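Each protein sequence line maps, in turn, to chains A and B.
Okay, so the first sequence: first residue is 4 according to this note's numbering, each after it adds one.
Okay, so the second sequence: first residue is 2 according to this note's numbering, each after it adds one.
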Amino acid sequence: MPFRLPGGGPRISVDNDRCELYGICAMEAPDVFDLGQDGRLRFHTRLLDETTMEQAKMAARCCPMQAVVMRGELDG
Amino acid sequence: MADGDRIVIVGAGVAGLRAAERLREQNFDGEIVLIGDEARRPYHRPMVSKALVMGTERPSDVGLSHYLPDLDVHWRLGARVTHLDTTERVVHLPGGESLWYDGLIAATGVYPRHLPGAPRHDPRVRILRTVEDSMAVRRCLNASKKPAVVIGAGLIGNEFAASMRHIGRDVTLIGHAKAPLHRFGDRVSSGIVEAHHEHRAKLAMKSEVRHWISTKDTVGLHLTNNQLLVASVVVLAIGSVPSVDWMRGSGLDISDGVLCDSKLFAEGASDVVIAGDIARWPNLRFDETPRRVEHWINAVESARHAADNLLMGQSSAKPFTPLPRAWSTLYDTRLQMCGMPSLAEDTVTLADGITGFIRDGRLVGISSWDKPRAMLDWMAELDRRLPAPDYVPEPEPAPAPEVAEVPTVEPSPAALAADVPPEFDSGFDHQAFEREFESEFANDIPTTAFPALAAPPTTAFAAQPGAAAPPTMAIPIGR
């Protein structure tokens with residue numbers, strides 16, 4: 004894993020206008036997303052390694068509302 | 002598949018896109034041709050009956066992304082394949098065009114079913130499948146203040162009715178079943194009836210259209226319950242039929258979708274795989290009966306699996322054994338489903354808002370009424386109780402390229418290692434089953450299958466605020 008400068012590298016965000024908190028992302032990417040007992044979705048914005056990267060991509064693909072947005076270099 | 006090969010993907014919906022994406026992820030470096038009959042690149046079709054028809058999303062904003070630096074696909078949009086020749090390995094297109102392939106992925110999806118007697122030539126009688134369909138419905142709504150009517154009490158019918166109320170239009174939902182969404186269990190069914198009443202959407206259940214009155218200015222419906230409705234638009238949402246006409250005469254079995262083996266290869270062709278709604282395959286997690294699954298997430302997962310299997314070849318391919326998942330939003334309620342509820346003979350209430358579906362004393366499906374957090378735990382539980390069978394590859398020393406995991410559809414190693422739950426008697430005893438469920442679930446301690454759980458599933462519901470709690474925002478954990 005090459006060293007990345009702060010601010011670089013792949014990042015994710017969630018479109019709150021679309022997200023309806025189904026938690027499919029938490030199922031696909033448990034290391035990135037967490038749907039808490041309070042119904043809130045928490046997530047890491049930086050993807051630090053290949054595992055979380057692949058998980059996050061799968062969460063973005065399966066999101067029912069297509070609310071997961073990925074930015075930056077996506078080749079892992 | 003080898004270098005320089007050409008893979009043709011027929012169908013440019015979500016399944017076609019995800020299949021192409023997976024081929025490139027697996028380093029397939031041949032040519033990919035993606036053929037679609039719509040003029041648009043793949044978009045998020047579930048929005049057609051919701052955000053698009055309400056006008057809260059624009060058509061230009063609903064395209065699907067891929068997550069690769071370069072997808073490198075040749076698009077053939079606005080072209081409908083007319084014929085498939087599996088012997089010559091050629092698909093035929095209008096105008097005499099033909100396209101050879103080394104591998105074919107068929108993902109043409111389904112088309113809304115026609116209601117006999119419905120005057121589809123009337124511009125106010127519509128279906129909801131494409132972006133253009135949703136725009137046409139919006140034009141009808143803008144042209145008249147009369148109520149909207151939707152025929153069909155399935156997911157799309159209910160979603161459309163809720164969408165109409167959301168934008169302040171009167172709507173009547175007509176269905177011949179006794180209650181909307183009855184196959185999701187009584188809890189969901191009574192919940193949606195209540196929600197429609199609360200939002201003043203009208204229901205005409207156990208009814209059908211006796212006469213259509215289609216004039217130049219208006220469309221009217223005379224129902225079997227003697228109601229007369231005059232509508233601005235009538236949407237037909239009575240299910241769908243697989244779009245497989247183009248395979249007629251190809252030798253494939255297209256009696257209901259395309260008959261496949263458990264690995265999604267079309268029966269009778271070793272270079273054709275099927276993805277999405279048209280694949281009729283035996284999901285070995287449940288049994289050996291081939292069935293179709295018309296869910297959006299299944300299109301994503303089956304497309305990726307089909308792409309993997311096509312690259313590996315039939316002998317080293319792996320069976321596709323997902324736990325199907327589906328969702329819908331009706332008004333502010335999130336409805337979710339997992340497994341195969343349609344197989345069940347009986348239902349049982351597992352927890353507040355969670356219905357279990359039982360076949361032969363085994364849990365085969367779950368539906369939930371606005372309980373997404375609890376649903377995560379119950380889906381893990383269903384995965385543990387209904388694990389994908391261990392696959393023993395055929396004893397042929399084939400060069401096995403590294404198989405990427407199919408996320409979530411396979412049980413986690415922990416789930417496999419967990420004790421196999423005691424089987425219930427094959428003669429189903431409802432009371433004994435409920436006792437067993439209570440003793441197993443009420444006192445369940447978190448197992449290794451879901452170590453992330455802070456609390457056992459049953460307490461998860463108590464901790465969750467009721468339907469009154471507004472959906473909260475997603476919170477980035479920034480750094």
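Don't be surprised by glycine CBs; every beta carbon is placed ideally from N, CA and C.
Source: prediction; values computed, not measured.
Using beta-carbon distances, A:LEU50 does not count as an interface residue toward chain B, since no partner is under 8 Å. Scanning the stretch 315 to 347 of chain B from its first residue to its last, no whole alpha helix (DSSP H) run of 4-plus residues comes out.
Taking C-alpha positions only, B:SER369 is separated from B:HIS93 by approximately 45 Å.
A direct Cα-to-Cα measurement between B:VAL74 and B:ALA21 gives close to 7 Å. With fewer than 16 other beta carbons inside 10 angstroms of its own, B:LYS207 counts as exposed. Across the set B:SER190, B:ASP134, B:TYR102, B:HIS212, the C-alpha of B:SER190 shows the shortest separation from the C-alpha of B:LEU336.
Residues of chain A whose Cβ lies closer than 8 Å to the Cβ of B:LEU377 are, in chain order, GLY26, ALA29, MET30, LEU38. Taking the CA atoms as reference points, B:PRO243 sits about 40 Å from A:HIS47. Taking the CA atoms as reference points, B:MET376 sits about 20 Å from A:GLN69.
Of the other Cβ atoms in all chains shown, fewer than 16 fall within 10 Å of the Cβ of B:TRP101; this residue is therefore exposed.
Residues of the stretch 289 to 301 of chain B that bring their beta carbon within less than 8 Å of a beta carbon in chain A comprise TRP297, ILE298, VAL301, in sequence order. The Cβ neighbour count for B:ALA270, taken over all protein chains shown within 10 Å, is at least 16; the residue is labelled buried. Taking C-beta separations shorter than 7 Å and ignoring five residues to either side along the sequence, the partners of B:SER251 in its chain run LEU85, ASP86, THR87, following chain order. Judged by DSSP secondary structure, B:GLY31 falls outside any beta strand (DSSP E); it is assigned neither H nor E. Taking 3 residues as the minimum length, the beta strand (DSSP E) runs contained wholly in the stretch 114 to 169 of chain B are 126 to 128, 149 to 152, in order along the chain. Residues of chain A whose Cβ lies closer than 8 Å to the Cβ of B:LEU65 are, in chain order, GLN69. Closest in alpha carbon position to B:ALA389, among B:ASP378, B:ASN284, B:TRP213, B:VAL236, is B:ASN284. Per DSSP, the continuous beta strand (DSSP E) segment holding B:LEU222 begins and ends at 220 to 224. Under the 8 Å Cβ criterion, the stretch 228 to 240 of chain B does not count as touching the stretch 182 to 198 of chain B, having fewer than three qualifying pairs. Leaving aside the five residues that flank B:ARG188 on each side, the residues in its chain whose CB is nearer than 6 Å to its CB run, in chain order, THR356, TRP370. Closest in C-alpha terms to B:ARG374, from the list A:CYS22, A:ASP52, A:GLY39, A:MET56, comes A:GLY39. About 15 Å separates the Cβ atoms of B:THR109 and B:PRO95, ruling out a contact at the 8 Å cut-off. Below the 7 Å Cβ cutoff, chain A contributes GLU23 as neighbours of B:THR330, in chain order. In the DSSP assignment, B:THR173 falls within the unbroken beta strand (DSSP E) covering 172 to 175. Counting only residues of its own chain and dropping the five nearest sequence neighbours on each side, A:CYS66 has a CB closer than 7 Å to the CB of ILE27, CYS28. Rounded to whole angstroms, the gap between the alpha carbons of B:VAL138 and B:HIS45 is 18 Å. Apart from the 5 residues on each side of it in sequence, B:TYR112 sits with its Cβ closer than 7 Å to the Cβ of ARG130, SER241, VAL242, SER244 in its chain, given in chain order.
The beta-carbon distance between B:VAL172 and B:LYS203, rounded to whole angstroms, is 7 Å. This is short enough to meet the 8 Å contact definition.
Look at the beta carbons and you see the stretch 306 to 323 of chain B touching the stretch 259 to 268 of chain B: at least three pairs across the two are nearer than 8 Å. In this structure, B:ARG77 lies near B:VAL34, with their beta-carbon atoms less than 8 Å apart. DSSP, reduced to helix, strand and coil, places A:CYS66 outside both helices and strands of the structure shown, so it counts as coil.
In this structure, the alpha-carbon of B:ASP103 lies about 37 Å from that of B:MET338. Not one beta carbon of chain B lies nearer than 8 Å to the beta carbon of A:ARG74. In the structure shown, A:CYS28 falls within a helical segment according to DSSP collapsed to helix, strand and coil.
Contact of B:ARG335 with chain A by beta-carbon distance below 7 Å involves GLU23, TYR25. Under DSSP, B:ALA304 forms no beta bridge with any residue.
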